[in-house]
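Chemist: The numbering of the sequence shown is my numbering, which starts it at 690 and goes up by one. Yeah, the Cβ is synthetic: ideal placement off N, Cα and C, and Gly gets one too. Encoded as structure tokens, here's the structure I'll be asking about.
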Amino acid sequence: MTATGRSWRDALELTVAVPGDGDVRSLAHPSLVGVPEVGDEVLLNTTAWAQRLGTGGYALVVAVPDRLPPDPTGPGHLVKARYTPMQVSVQGVDEQDTEHHDAIAEAEDLGGMPVVVADLHSALPAVLIGVLATDPDLRVAYVMTDGGALVAGFSRTLHTLAPSLAGVVTVGQAFGGDLEAVTLHTGLLAARHVLGADVAIVTQGPGNLGTGTSWGFSGVAAGEACNAVSVLGGEPIGALRISDADPRPRHRGVSHHSLTAFGRVALAGVTLVAPRGLGSELGSQVDEDLASQPERNEVVWVDTEGLDEALQLSPVTLSTMGRGWPEERAYFLAAAAAGRYAAVQVPVEG
């Protein structure tokens, strides 16, 4: 290892000199491998780096063989990234003998809590901006599923947004949140009953897997997330993936991934939020794309006054599929509109 770079949450960038490849951009998760130092020899997994992937284009540090970290001593019996060489034990909010076990065991529903579901991690900051621009006093929790990165610490977005979030819950095989949960269901219950959230946002972690087919995309699980919200008595709200900048026809207008996840997988129904202010051509395309949604899915058009200005003040760089603001304005505006709708749906206690 020849140099260190940026660090955030549970991540450290470094440069590693690899024979035959030169300097390789690498990433270590200190909670797993310790803190590498200049001069260390490190064992790298170069799978993502060799494919020049966008979000995950790092070589990942597997170990610092000459200076292994101490054995973990923390509590917890949930094993995540199970039966891989990097499996970890964490303390789950839903496991026995923890301070929150009784609350999760006794929780029966979400009490009508609005839950915004998006298929990409890049929607998270825009949804949050939409919520807080509408009502800055609301508590918002983020529930990260395991369709993308498993390590919450990989996300620079989460590191920057932490002061604006009530907390992060990592579910399934994902880990590294403020709270850990076995399933999306207990993760949602933890967001409501442990973190005290008024609104929750659900997306996969950074990165995603897509194959150019209707079903072969990790974000299809957004539909299953909507089902979980419905089962638990919450209000599922779909953040639509809308674009007039994506060169691929299947993602222009409303992406076929949104139409599949929400229209064919979310069998209990979901409110789909379309933003006003897209312009006549794109707005007409979105209206046409959503016309074939099943009756169980209500489509609402939400006013977006003030959201453009709020998005321009985002504390994190807005970027999706390598394109940012304002090129992908429609995408981020749609996510912010979903957040705005969620904010006004929060049940009033009285």
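Does Val832 come out as helix, strand or coil in the three-state DSSP assignment?
Modeler: Your numbering for residue 832 matches position 143 in the sequence shown. It is a strand residue.
Chemist: Mind listing, in chain order, the continuous alpha helix (DSSP H) runs of no fewer than 4 residues lying wholly within the region 927 to 1002?
Modeler: Here the runs fully enclosed are 945 to 949, 969 to 979 and 996 to 1001.
Chemist: Can you give me the Cβ contacts of Gly922 inside the same chain, cut-off strictly under 6 Å, excluding the 5 residues immediately before and after it?
Modeler: Translated into the one-based positions of the sequence shown, residue 922 becomes position 233. Result list for Gly922: Asp798 and Leu799, in chain order.
Chemist: Between which residues of its own chain and Phe906 is the CB-CB distance below 6 Å, once the five residues before and five after are set aside?
Modeler: In the sequence shown, residue 906 corresponds to position 217, counting from 1. Gly899 and His946.
Chemist: Quick check: what's the CA-CA separation for Tyr747 versus Pro1036?
Modeler: As a working mapping, residue 747 is identified with position 58 in the sequence shown. As a working mapping, residue 1036 is identified with position 347 in the sequence shown. Straight-line Cα distance between these residues: approximately 43 Å.
Chemist: I need the boundaries of the alpha helix (DSSP H) containing Pro719, first residue and last residue.
Modeler: Mapped onto the sequence shown, residue 719 falls at position 30. Segment Pro719 to Val722, the alpha helix (DSSP H) holding Pro719.
Chemist: Look at the alpha carbon of Ala963 and the alpha carbon of Pro761, and state the distance between them as a whole number of angstroms.
Modeler: For the purposes of this step, residue 963 is taken as the residue at position 274 of the sequence shown. For the purposes of this step, residue 761 is taken as the residue at position 72 of the sequence shown. Taking the Cα positions, Ala963 is about 47 Å away from Pro761.
Chemist: Does the region 917 to 934 come close enough to the region 822 to 838 that 3 or more CB-CB pairs lie under 8 Å?
Modeler: no
Chemist: Who pairs with Ser778 in a beta bridge, going by DSSP?
Modeler: Taking the first residue of the sequence shown as position 1, residue 778 is located at position 89. Beta-bridge pairing links Ser778 to Val768.
Chemist: Nearest to Gln776 by CA position, among Ala863, Gln974 and Thr693, is which residue?
Modeler: Taking the sequence shown and counting its residues from 1, the one referred to as residue 776 is at position 87. The shortest C-alpha separation from Gln776 is found at Ala863.
Chemist: How far does the alpha helix (DSSP H) with Glu795 in it extend, from its first residue to its last?
Modeler: The residue given as residue 795 occupies position 106 in the sequence shown. Counting along the chain, the alpha helix (DSSP H) containing Glu795 begins and ends at His790 to Glu795.
Chemist: Buried or exposed: which applies to Gln1001, given that a residue is buried once 16 or more other Cβ atoms fall within 10 Å of its Cβ?
Modeler: What you label residue 1001 is simply residue 312 of the sequence shown in a count that begins at 1. So Gln1001 counts as exposed.
Chemist: Can you find a heavy atom of the ligand FMN that lies under 8 Å from the Cβ of Ala963?
Modeler: Among the ligands in the structure shown, none appear at all, so the ligand FMN cannot be discussed.
Chemist: Which residue spans inside the region 705 to 763 form an unbroken alpha helix (DSSP H) run of at least 4?
Modeler: 719 to 722 and 736 to 739
Chemist: Consult DSSP for Thr1009 and reduce its assignment to one of helix, strand or coil.
Modeler: In the sequence shown, the residue the question calls residue 1009 occupies position 320. If DSSP states are grouped into helix, strand and coil, Thr1009 belongs with the strands.
Chemist: State the Cα-Cα distance for the pair Thr993 and Gly958, rounded to the nearest angstrom.
Modeler: Against the sequence shown, residue 993 aligns to sequence position 304. Against the sequence shown, residue 958 aligns to sequence position 269. Whole-angstrom Cα-Cα distance: 24 Å.
Chemist: For the 8 Å Cβ check, are there 3 or more pairs between the region 696 to 703 and the region 718 to 728?
Modeler: yes
Chemist: Give the C-beta separation of Ala841 and Ala1024 to the nearest angstrom, bearing in mind that I take them to be a contact with Cβ-Cβ under 8 Å.
Modeler: As a working note, residue 841 is residue 152 in the sequence shown. As a working note, residue 1024 is residue 335 in the sequence shown. The pair is not a contact, with the Cβ atoms about 20 Å apart (cut-off 8 Å).
Chemist: At the level of alpha carbons, what is the spacing between Ala980 and Ala815?
Modeler: Indexing the sequence shown from 1 puts residue 980 at position 291. Indexing the sequence shown from 1 puts residue 815 at position 126. Computed Cα separation, rounded: 25 Å.
Chemist: May I ask which residues mark the beginning and end of the alpha helix (DSSP H) holding Val920?
Modeler: For the purposes of this step, residue 920 is taken as the residue at position 231 of the sequence shown. Unbroken alpha helix (DSSP H) run through Val920: Ala910 to Val920.
Chemist: Answer with buried or exposed for Ser973, where buried requires no fewer than 16 other C-beta atoms within 10 angstroms of its C-beta.
Modeler: If you number the sequence shown from 1, residue 973 lands on position 284. Exposed, since its Cβ has fewer than 16 Cβ neighbours within 10 Å.
Chemist: Given 8 Å as the limit, is there contact between the region 847 to 855 and the region 823 to 834, that is, 3 or more CB pairs closer than that?
Modeler: yes
Chemist: For Asp729, collect the residues of the same chain with a Cβ closer than 6 Å to its Cβ; drop the 5 residues on either side in sequence, then sort them by chain order.
Modeler: On the sequence shown, position 40 is the one that residue 729 refers to. Correct list, in chain order: Met690 and Val753.
Chemist: Given that a residue counts as buried once 16 or more other Cβ atoms are within 10 Å of its Cβ, and exposed if not, what is Trp904?
Modeler: Here residue 904 refers to the residue found at position 215 when the sequence shown is read from its first residue. Flag for Trp904 reads exposed.
Chemist: Just to confirm the assignment: which complete beta strand (DSSP E) runs, minimum length 3, are found wholly within the region 842 to 879?
Modeler: With a minimum length of 3 residues, the continuous beta strand (DSSP E) runs that stay inside the region 842 to 879 are 856 to 860 and 868 to 870.
Chemist: If I measure Cβ to Cβ from Trp990 and keep anything under 7 Å in the same chain, skipping five residues before and after, which residues do I get?
Modeler: Taking the sequence shown and counting its residues from 1, the one referred to as residue 990 is at position 301. Counting only Cβ-Cβ distances below 7 Å, and skipping sequence neighbours, we find Ala963 and Arg965.
Chemist: Using the beta-carbon count (16 or more within 10 Å), is Gly912 buried or exposed?
Modeler: Your numbering for residue 912 matches position 223 in the sequence shown. The residue in question, Gly912, is buried, as its Cβ has 16 or more Cβ neighbours within 10 Å.
Chemist: Which partner residues does Ser907 have in the DSSP bridge list?
Modeler: As a working mapping, residue 907 is identified with position 218 in the sequence shown. Ser907 pairs with nothing; no bridge assigned.
Chemist: Helix, strand or coil for Leu701? Go by DSSP, reduced to three states.
Modeler: Looking up residue 701 in the sequence shown gives position 12. Three-state DSSP puts Leu701 in a strand.
Chemist: Comparing C-alpha positions only, which one of His766, Leu809, Val1033 and Ala796 sits nearest to Phe1021?
Modeler: For this step, residue 1021 is matched to residue 332 along the sequence shown. With distances taken between Cα atoms, Phe1021 lies closest to Leu809.
Chemist: Give the secondary structure of Gly819 by DSSP, where H, G and I count as helix, E and B as strand, and everything else as coil.
Modeler: Numbered from its first residue, the sequence shown carries residue 819 at position 130. Collapsing the DSSP output to three states places Gly819 in a helix.
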